[in-house]
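Residues in the sequence shown are numbered from 56 upward in steps of one, following the working numbering. The beta-carbon is built from N, C-alpha and C at its ideal position, and this holds for glycine as well. Input: a single structure, listed below in structure tokens.
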Amino acid sequence: METKTKRTALDTETASGAGRVSFFDKSNYTWMLIGAAVMIVGFLLMAGGRSEDPNVFKPEEVYSTTRITIAPILILAGLVIEIYAIFRNPKA
């Protein structure tokens with residue numbers, strides 16, 4: 056007994072690779088790059104600069120507003136942008 060399966064046009068297109076469906080378009084990738092750039096800026100701000108004297112602890116440099124407030128907010132904003140870029144529906 057021979058079983059026959061019905062092949063659709065979509066099956067033949069995807070088998071040949073010509074009709075691949077892309078989940079993201081150019082705008083999704085643009086938003087992903089923007090989100091990544093915002094996160095990188097946040098990480099750079101969190102890292103801060105080099106201390107003039109590594110043997111002296113300066114709490115105003117370590118616990119500055121930039122390092123403990125602005126940088127984490129930028130990192131979280133970058134993650135939100137990434138989530139938006141992933142869930143954004145491309146224009147058909």
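Apart from the 5 residues on each side of it in sequence, Met87 sits with its Cβ closer than 7 Å to the Cβ of Glu137, Ala140 in its chain, given in chain order. With respect to the C-alpha of Thr121, the residue from Gly133, Ser82, Gly103, Pro109 having the closest C-alpha is Gly103. With a contact defined as Cβ atoms closer than 8 Å, Leu100 and Ile123 miss out at about 10 Å. By the neighbour-count definition (other C-beta atoms within 10 Å, threshold 16), Leu129 is a buried residue. Assigned with DSSP and collapsed to three states, Phe98 falls in helix. With a threshold of 16 other beta carbon atoms within 10 Å, Gly97 meets it and is buried.
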